[in-house]
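J.: Same order as they appear, the protein sequences are chains D and W. Sequential numbering from 1 applies to the first sequence in this note's numbering. Sequential numbering from 373 applies to the second sequence in this note's numbering. Here a beta-carbon is modelled for each residue, glycine too, at the ideal position from N, C-alpha and C. Values in this document were obtained by computation on a predicted structure and should not be read as measured data. Sending over a structure as structure tokens; questions will come in a sec.
2 protein chains.
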Amino acid sequence: MAYPFKFGLEAKDGRARAGRFTTPHGILETPLFAPVGTQASVKAITPAQLDEMGASLVLANTYHLYLRPGDELVAELGGLHEFMQWPNPILTDSGGFQVFSLSGTRQVDEDGVDFQSHLDGSKHRFTPEKAIAIQENLGADIIMAFDECPEPDNRAYNEEALQRTHAWAERCLVAQKRQDQALFGIVQGGIFSDLRTQSAEFINSLDFPGNAIGGLSVGESKSEMHAVLDIVDPILAEDKPRYLMGVGTPEDLIECVRRGIDFFDCVLPTRLGRNNSVFLRAGGRLNLKNLEFSSDTAPIDEHCTCYTCTTFTRAYLRHLIVAKEMLSATLLSIHNLHTLIQLAKDMRSAILNNAFEAFASSLLSQQAKLVR
Amino acid sequence: MAYPFKFGLEAKDGRARAGRFTTPHGILETPLFAPVGTQASVKAITPAQLDEMGASLVLANTYHLYLRPGDELVAELGGLHEFMQWPNPILTDSGGFQVFSLSGTRQVDEDGVDFQSHLDGSKHRFTPEKAIAIQENLGADIIMAFDECPEPDNRAYNEEALQRTHAWAERCLVAQKRQDQALFGIVQGGIFSDLRTQSAEFINSLDFPGNAIGGLSVGESKSEMHAVLDIVDPILAEDKPRYLMGVGTPEDLIECVRRGIDFFDCVLPTRLGRNNSVFLRAGGRLNLKNLEFSSDTAPIDEHCTCYTCTTFTRAYLRHLIVAKEMLSATLLSIHNLHTLIQLAKDMRSAILNNAFEAFASSLLSQQAKLVR
Numbered sequence: 001m002a003y004p005f006k007f008g009l010e011a012k013d014g015r016a017r018a019g020r021f022t023t024p025h026g027i028l029e030t031p032l033f034a035p036v037g038t039q040a041s042v043k044a045i046t047p048a049q050l051d052e053m054g055a056s057l058v059l060a061n062t063y064h065l066y067l068r069p070g071d072e073l074v075a076e077l078g079g080l081h082e083f084m085q086w087p088n089p090i091l092t093d094s095g096g097f098q099v100f101s102l103s104g105t106r107q108v109d110e111d112g113v114d115f116q117s118h119l120d121g122s123k124h125r126f127t128p129e130k131a132i133a134i135q136e137n138l139g140a141d142i143i144m145a146f147d148e149c150p151e152p153d154n155r156a157y158n159e160e161a162l163q164r165t166h167a168w169a170e171r172c173l174v175a176q177k178r179q180d181q182a183l184f185g186i187v188q189g190g191i192f193s194d195l196r197t198q199s200a201e202f203i204n205s206l207d208f209p210g211n212a213i214g215g216l217s218v219g220e221s222k223s224e225m226h227a228v229l230d231i232v233d234p235i236l237a238e239d240k241p242r243y244l245m246g247v248g249t250p251e252d253l254i255e256c257v258r259r260g261i262d263f264f265d266c267v268l269p270t271r272l273g274r275n276n277s278v279f280l281r282a283g284g285r286l287n288l289k290n291l292e293f294s295s296d297t298a299p300i301d302e303h304c305t306c307y308t309c310t311t312f313t314r315a316y317l318r319h320l321i322v323a324k325e326m327l328s329a330t331l332l333s334i335h336n337l338h339t340l341i342q343l344a345k346d347m348r349s350a351i352l353n354n355a356f357e358a359f360a361s362s363l364l365s366q367q368a369k370l371v372r
Numbered sequence: 373m374a375y376p377f378k379f380g381l382e383a384k385d386g387r388a389r390a391g392r393f394t395t396p397h398g399i400l401e402t403p404l405f406a407p408v409g410t411q412a413s414v415k416a417i418t419p420a421q422l423d424e425m426g427a428s429l430v431l432a433n434t435y436h437l438y439l440r441p442g443d444e445l446v447a448e449l450g451g452l453h454e455f456m457q458w459p460n461p462i463l464t465d466s467g468g469f470q471v472f473s474l475s476g477t478r479q480v481d482e483d484g485v486d487f488q489s490h491l492d493g494s495k496h497r498f499t500p501e502k503a504i505a506i507q508e509n510l511g512a513d514i515i516m517a518f519d520e521c522p523e524p525d526n527r528a529y530n531e532e533a534l535q536r537t538h539a540w541a542e543r544c545l546v547a548q549k550r551q552d553q554a555l556f557g558i559v560q561g562g563i564f565s566d567l568r569t570q571s572a573e574f575i576n577s578l579d580f581p582g583n584a585i586g587g588l589s590v591g592e593s594k595s596e597m598h599a600v601l602d603i604v605d606p607i608l609a610e611d612k613p614r615y616l617m618g619v620g621t622p623e624d625l626i627e628c629v630r631r632g633i634d635f636f637d638c639v640l641p642t643r644l645g646r647n648n649s650v651f652l653r654a655g656g657r658l659n660l661k662n663l664e665f666s667s668d669t670a671p672i673d674e675h676c677t678c679y680t681c682t683t684f685t686r687a688y689l690r691h692l693i694v695a696k697e698m699l700s701a702t703l704l705s706i707h708n709l710h711t712l713i714q715l716a717k718d719m720r721s722a723i724l725n726n727a728f729e730a731f732a733s734s735l736l737s738q739q740a741k742l743v744r
């Protein structure tokens with residue numbers, strides 16, 4: 001029997017939504033931010049630390065894990081939850097984005113994509129059926145349709161790619177054998193209103209248990225991103241989760257929850273953490289390597305309750321950075337991930353209390369005042 | 373009033389000792405293994421993880437912290453305990469070893485050492501008085517006399533250096549102003565029995581609250597190291613802790629506790645952890661990058677109770693290594709540190725139960741059977 005994936009919408013406040021999505025490895029409360037564990041490891045962070053920071057959903061990547069260590073090995077070892085020891089929900093993206101952004105020469109046809117591994121140049125082919133088979137081996141709770149990701153402002157390419165993405169979405173549904181994984185469709189169409197409308201209508205009509213919006217946060221402006229969300233929001237089914245792929249700053253989370261988004265993921269918090277940069281919840285970032293922090297006894301963010309902020313001073317964190325101690329990557333990543341996870345939880349509370357707009361306006365106006 | 377540093381010898385079993393050393397930041401139960409946090413950070417490990425693995429004493433380094441971020445800044449920020457957020461006992465070594473092993477050109481005279489920073493070539497001078505002043509700024513519970521560390525088999529240099537090390541030890545005692553830090557003397561003399569005897573007698577006569585044995589594990593053979601310990605053991609006061617500097621493999625801990633040592637420290641567990649290598653408690657090491665571990669579902673060491681061994685398979689750890697995920701350094705370092713910390717604790721229990729020799733022989737015979 002198919003697992004009864006169900007999204008319960010608990011409250012709406014304006015277009016902001018609070019919901020619960022039930023998966024085989026636990027209930028996801030939304031809005032949520034999901035840390036990215038590309039290679040079955042959230043960089044520099046243990047599962048115990050993820051749990052401590054309140055993470056619920058963790059991402060892993062089909063393209064990377066197919067190449068290394070191999071999805072068949074992961075299946076043999078009991079699947080991703082067992083492999084990476086994350087007992088809570090996992091989502092794998094389909095590899096579409098990586099095939100089009102990371103691999104060397106590639107050749108797209110109607111059936112699929114030939115590509116070369118970014119690791120060793122070896123040749124591989126992904127089709128919708130292959131992407132589903134890999135994700136079934138990996139065994140995440142939520143899996144993604146195989147899609148094509150064009151540059152957002154190339155009209156001709158977006159038109160052509162959208163037809164493939166839609167045909168592939170249908171083939172993914174047919175290819176799916178496991179019934180305990182929620183397959184999400186992906187809306188594409190770049191920055192073009194008519195293409196996004198067409199894509200949202202088509203993907204929505206396929207009745208996936210969840211819908212994603214792809215191809216954003218890849219170079220377009222914030223207002224272009226917001227415009228796309230404004231288009232797709234009224235089209236996508238209310239009773240299914242909406243996942244905005246690859247978006248993750250405090251500002252973006254607020255603006256996009258405001259536009260009806262439920263799930264977020266992004267590599268930015270950990271990538272910034274490895275590059276000395278930290279989010280402030282009220283907007284903006286600090287580069288902790290700066291000399292001004294050398295004797296600063298404040299935490300990164302005085303309102304933050306993460307392990308890093310409740311334990312260490314900016315002065316110590318700067319010392320770790322200057323001394324090239326790898327602990328700085330761990331501690332800064334903990335802070336950045338916690339900031340987004342907690343912000344999503346706080347937005348959820350605000351929505352449940354019918355106070356989202358006040359909460360959002362207050363934070364956004366603090367950000368607007370930032371002089372940094 | 374001076375802090376009443378006191379070593380209580382609880383039990384002796386053969387020459388192996390179980391004791392308790394009281395410091396301003398807590399009681400140290402011996403034998404113990406101390407993780408090394410050279411730059412006020414045990415590499416890739418958080419204080420929470422150190423606590424979870426049962427660490428009691430943590431080391432930091434005078435030479436490194438003097439150069440970066442500066443001992444005066446650490447003092448201004450509340451001292452090392454506050455700076456690195458390790459609320460339990462800390463020991464700083466004096467910088468002697470690093471001045472002689474790391475720095476560029478150096479010039480020793482009777483008064484001290486001129487040296488160049490390994491970081492930027494800048495010129496500095498350490499004297500016994502300076503080394504104490506820095507360590508008083510850093511504020512550890514246990515501080516070390518400034519010593520000279522010659523190659524262990526150079527007779528003429530050892531003879532000459534030993535006179536300086538002894539004169540410097542006396543000057544360190546005079547220079548000490550803070551009364552809440554236990555200053556330990558250091559026995560030198562290379563591999564030469566008469567020099568080690570002379571040094572142990574002299575250092576012991578100065579009545580430090582603890583005595584260290586330096587200049588070992590730097591290229592001499594195991595039997596040469598053991599011979600030195602056999603010489604100094606009957607000379608050093610029974611009612612003071614003995615600290616063997618820079619020694620830390622499972623085999624070494626057993627053989628040296630057997631010869632009357634109470635404290636150990638070593639960078640090896642974390643250095644090996646960053647280089648894919650893990651200790652087995654029963655002796656030997658595994659290189660987890662090896663292909664043979666790619667589908668091995670066993671933990672690193674089936675008897676180990678560390679976070680890594682109770683959570684992850686060798687197959688996952690190998691994947692992290694091959695995928696160049698920095699989490700591998702953290703997880704392997706946790707295992708290696710835990711192995712030595714727990715081994716020291718288990719030796720302590722055996723000594724208190726008058727069963728040390730059986731415990732040691734059993735482990736050493738397992739090691740002898742190793743085929744790896």
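#1: Looking only at its chain, what residues have a beta carbon closer than 6 Å to the beta carbon of Trp458/W, apart from the 5 residues adjacent to it on each side?
#2: Which stretch, first to last residue, makes up the beta strand (DSSP E) that contains Phe100/D?
#3: Do Thr197/D and Ile254/D have their C-beta atoms closer together than 8 Å?
#4: Taking 7 Å as the cut-off, does the CB of Val99/D come closer than this to any heavy atom belonging to the ligand MN?
#5: What's the gap between the Cα of Lys384/W and the Cα of Asn726/W?
#6: Which whole-angstrom value is the C-beta distance of Tyr243/D and Gly190/D, which I expect to be below 8 Å?
#7: Based on Cα-Cα distance, which residue from Thr669/W, Ser734/W, Ala716/W, Leu660/W lies nearest to Ser705/W?
#8: For Val74/D, report the span of its alpha helix (DSSP H) as first-last.
#9: Is Leu712/W helix, strand or coil when you go by DSSP?
#10: If you draw a straight line from the C-alpha of Thr330/D to the C-alpha of Ala517/W, how long is it?
#11: Measuring alpha carbon to alpha carbon, tell me which of Glu542/W, Leu422/W, Asn433/W ends up nearest Tyr679/W.
#12: Decide if Ile321/D is buried, meaning its Cβ has at least 16 other Cβ atoms within 10 Å, or exposed.
#13: Does any CB atom of chain W fall closer than 8 Å to the CB of Lys345/D?
#14: Can you name the residues of chain W whose CB is closer than 7 Å to the CB of Glu325/D?
#15: Just by C-beta distance, which residues in the region 490-503 of chain W are closer than 9 Å to chain D?
#16: Could you list which residues in chain W have their beta carbon closer than 7 Å to that of Pro87/D, in chain order?
#17: Quick check: Arg376/D and Ala133/D, are their CB atoms within less than 8 Å of each other?
#18: Less than 8 Å between CB atoms is the rule here; does Ala18/D satisfy it with respect to chain W?
#19: Determine whether the Cβ of Glu76/D lies closer than 8 Å to any Cβ atom of chain W.
#20: Kindly indicate which three-state DSSP category His707/W falls into: helix, strand or coil?
#21: Quick one: which chain D residues come within Cβ less than 7 Å of Tyr688/W?
#22: Report the residue from Glu159/D, Thr311/D, Ile142/D whose alpha carbon sits nearest the alpha carbon of Cys149/D.
#23: I'd like the list of long-range same chain contacts for Asp602/W, defined as Cβ closer than 8 Å, with 5 residues on each side in sequence excluded.
#24: Give the DSSP-derived three-state secondary structure of Val371/D in the structure shown.
#25: I need the straight-line Cα distance from Phe100/D to Gly112/D, nearest angstrom please.
#26: Go ahead and pull the three-state DSSP assignment for Ile504/W.
#27: Can you name, in chain order, every residue of its own chain whose Cβ lies under 6 Å from the Cβ of Ile351/D, other than the five neighbours on each side?
#28: Which residues bound the beta strand (DSSP E) around Leu195/D?
#29: Could you name the residues of the region 534-565 of chain W whose beta carbon sits closer than 8 Å to any beta carbon of chain D, in the order they occur along the chain?
#30: Whose C-alpha, out of Asp513/W, Phe393/W, Asn509/W, is nearest the C-alpha of Gly442/W?
#31: Between Phe115/D and Val218/D, what straight-line distance do the alpha-carbon atoms span, to the nearest angstrom?
#32: So, does the CB of Val685/W fall closer than 8 Å to a CB anywhere in chain D?
#33: Please state whether DSSP places Lys222/D in a helix, a strand or coil.
#34: Can you pull the DSSP bridge partners for Met516/W?
#35: Can you list the residues of chain W that Tyr307/D reaches, using a CB-CB cut of under 9 Å?
#36: Specify, as a first and last residue, the run of the beta strand (DSSP E) that Leu404/W falls within.
T.: Based on what the coordinates show:
#1: If you number the second sequence from 1, residue 458/W lands on position 86. The residues Pro419, Val430, in chain order, have a CB closer than 6 Å to that of Trp458/W in the same chain once the five nearest residues on each side in sequence are set aside.
#2: Within the first sequence, residue 100/D is the residue found at index 100, counting from 1. For Phe100/D, there is no enclosing beta strand (DSSP E); the enclosing alpha helix (DSSP H) covers residues 96-101.
#3: Locating residue 197/D in the first sequence gives position 197, where the first residue counts as 1. Locating residue 254/D in the first sequence gives position 254, where the first residue counts as 1. Cβ distance not < 8 Å, so Thr197/D and Ile254/D don't count as in contact.
#4: With respect to the ligand MN, the structure offers nothing, as it holds no ligand at all.
#5: Taking the first residue of the second sequence as position 1, residue 384/W is located at position 12. Taking the first residue of the second sequence as position 1, residue 726/W is located at position 354. Answer to the nearest angstrom: the Cα atoms are 8 Å apart.
#6: By one-based count along the first sequence, residue 243/D stands at place 243. By one-based count along the first sequence, residue 190/D stands at place 190. Not really, about 18 Å apart at Cβ, beyond 8 Å.
#7: As a working note, residue 705/W is residue 333 in the second sequence. Measuring from the Cα of Ser705/W, the nearest candidate turns out to be Leu660/W.
#8: Locating residue 74/D in the first sequence gives position 74, where the first residue counts as 1. Start and end: 71-76.
#9: In the second sequence, the residue the question calls residue 712/W occupies position 340. Helix, per DSSP.
#10: Position 330 of the first sequence, counting from 1, holds the residue named residue 330/D. Position 145 of the second sequence, counting from 1, holds the residue named residue 517/W. Cα to Cα, Thr330/D sits roughly 34 Å from Ala517/W.
#11: As a first step, residue 679/W is located in the second sequence; it is residue number 307 there, counting from the start. Checked all of Glu542/W, Leu422/W, Asn433/W; the closest Cα to Tyr679/W is Leu422/W.
#12: Counted from its first residue, the first sequence places residue 321/D at position 321. Ile321/D should be labelled buried.
#13: Sequence index remark: in the first sequence, residue 345/D carries index 345 (1-based). False, the Cβ-Cβ gap to chain W never drops below 8 Å.
#14: Mapped onto the first sequence, residue 325/D falls at position 325. Per Cβ cutoff of 7 Å: Gln411, Ser413, Lys415.
#15: none
#16: Locating residue 87/D in the first sequence gives position 87, where the first residue counts as 1. Correct list: empty, because the minimum Cβ distance to chain W is about 11 Å.
#17: The requested residue 376/D does not occur in the structure, where chain D is confined to residues 1 to 372.
#18: As a working mapping, residue 18/D is identified with position 18 in the first sequence. Answer no: the Cβ-Cβ gap between Ala18/D and chain W never drops below 8 Å.
#19: Residue mapping note: residue 76/D aligns to position 76 of the first sequence, counting from 1. Chain W contact via Cβ: present.
#20: One-based indexing of the second sequence puts residue 707/W at position 335. His707/W: helix per DSSP, three-state reduction.
#21: Numbered from its first residue, the second sequence carries residue 688/W at position 316. What Tyr688/W touches in chain D, judged by beta-carbon distance under 7 Å, is Phe83, Met84, going in chain order.
#22: Start at 1 with the first residue of the first sequence, and residue 149/D comes out as number 149. Nearest option by C-alpha distance: Glu159/D.
#23: For the purposes of this step, residue 602/W is taken as the residue at position 230 of the second sequence. Excluding sequence neighbours, Asp602/W sits near Arg631.
#24: Position 371 of the first sequence, counting from 1, holds the residue named residue 371/D. Since pLDDT at Val371/D reaches only 45, below the 50 mark, its modelled position is unreliable, and the value read off the structure follows with that caveat. In this structure, Val371/D counts as coil in the three-state DSSP scheme.
#25: Position 100 of the first sequence, counted from the first residue, corresponds to residue 100/D. Position 112 of the first sequence, counted from the first residue, corresponds to residue 112/D. Going by the C-alpha atoms only, they are around 12 Å apart.
#26: Numbered from its first residue, the second sequence carries residue 504/W at position 132. DSSP places Ile504/W in helix when its eight states are reduced to three.
#27: Along the first sequence, read from residue 1 onward, the residue named residue 351/D stands at position 351. So the qualifying residues of the chain are Ala11, Asp13, Ala16, Ala18.
#28: Along the first sequence, one-based indexing puts residue 195/D at 195. Taken as a continuous stretch (DSSP letters only), Leu195/D belongs to no beta strand (DSSP E), being part of the alpha helix (DSSP H) at 193-205.
#29: none
#30: Your numbering for residue 442/W matches position 70 in the second sequence. For Gly442/W, the closest C-alpha among the options Asp513/W, Phe393/W, Asn509/W is that of Asn509/W.
#31: Indexing the first sequence from 1 puts residue 115/D at position 115. Indexing the first sequence from 1 puts residue 218/D at position 218. One C-alpha to the other measures close to 21 Å.
#32: Locating residue 685/W in the second sequence gives position 313, where the first residue counts as 1. Before going on, a small fix: residue 685/W reads as Thr here, not Val. Chain D contact via Cβ: present.
#33: Position 222 of the first sequence, counted from the first residue, corresponds to residue 222/D. Assignment of Lys222/D by DSSP, reduced to helix, strand and coil, places it in the helix class.
#34: For the purposes of this step, residue 516/W is taken as residue 144 along the second sequence, with counting starting at 1. Paired residue(s): Phe556/W.
#35: Taking the first residue of the first sequence as position 1, residue 307/D is located at position 307. Chain W residues near Tyr307/D: Thr418, Ala420.
#36: Counting from one through the second sequence, the residue named residue 404/W turns up at place 32. Its beta strand (DSSP E) spans residues 404-406.
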